[in-house]
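Colleague: The opening position of the sequence shown corresponds to residue -5 in this note's numbering, with each subsequent residue numbered one higher.
We treat Cβ as the ideally placed atom computed from N, Cα and C, and that holds for glycine.
Below is one structure. I have some questions about it.
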Amino acid sequence: MPGRFALTTPLAHVARAFDARLDAPDAGPREDVAPGEQVAALILHDESRLLIEARWGMVMSGRVNARGRPVMETIVNARSETVFDKSAYEGVGRAVLPVDAWYEWTGKPRAKTRWRIGAVEGGLLAFAAIFDTWTAPGGAQVRQLATLTCEPNRDVAEYHHRMPVILPDPDAVVEWLTAPDPSGLLIPLPERRLHVEKSTLK
């Protein structure tokens, strides 16, 4: 499942690729984006697609689990199989996280290999995500998201036991953002559409 990702495509190009209006600053090429950092996210706003800035990682303060207990942790990835059944996620919106690639690690501690996983033909990948706005102490409004994960396909199964839910085409992006029930999209990407290579990053 994604713990780091790369987005080196200029945001103006990302916005055009998703037929969206750009409302986020372009921080330039980013090869190693980590949880907690600001990212570009595609959302539906007033029935139009908008590329905004949001934090990768949802602070769950104020939400409760099925037993009514507060959820205190920050969520970076959420399991697609159960996300819409858990009370802690009630009322979240849907978003798309555009990336050029993401990273997984294999091997023993202190001797791990980092792998870069991207589309076979290059270009952007569209991760399905959930989205909301958190009111921080002091009243600041923080847009935040968490990516959804599913079982891996055969392209990436040897690198991790989970993978991001990747929306395979523009129609799937529209369906994810607008459909009353998008659960049919929460499946692994078809095989032979991802390329894995050893990363030059440590």
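(1) For a minimum of 3 consecutive residues, which ranges assigned as the beta strand (DSSP E) are wholly contained in the segment 98 to 145?
(2) For D149, does the three-state DSSP call read helix, strand or coil?
(3) On a Cα-Cα basis, can you pick out the residue from H155, V90, V136 that is closest to L179?
(4) Let me check understanding here. Comparing Cα to Cα, which of E84, I111, D40 lies closest to R(-2)?
(5) Candidates P176, A35, P158: which alpha carbon is nearest A166's?
(6) Return the first residue and the last residue of the beta strand (DSSP E) that E47 is part of.
(7) Taking I124 as the reference, which of K196, R148, E67, R88 has the closest Cα?
(8) Between L38 and T172, how many whole angstroms is the CB-CB distance? I'm expecting something under 8 Å.
(9) Just curious, the beta strand (DSSP E) that P92 is in, first and last residue?
(10) By DSSP, does R24 sit in helix, in strand, or in coil?
(11) Going by beta-carbon coordinates alone, are A34 and A14 separated by less than 7 Å?
(12) With the cut-off set at 7 Å, would you say V77 and P29 are in Cβ contact?
(13) Whose C-beta lies closer than 6 Å to the C-beta of P23 among residues of the same chain, with five residues either side of it excluded?
(14) Take W109 as the anchor and find which of L183, A6, D149, T129 has the nearest alpha-carbon.
Modeller: On the basis of the coordinates in this document:
(1) 107 to 113, 119 to 129, 135 to 144
(2) coil
(3) V90
(4) I111
(5) P176
(6) 42 to 50
(7) R88
(8) 6 Å
(9) 87 to 93
(10) strand
(11) no
(12) no
(13) T2
(14) D149
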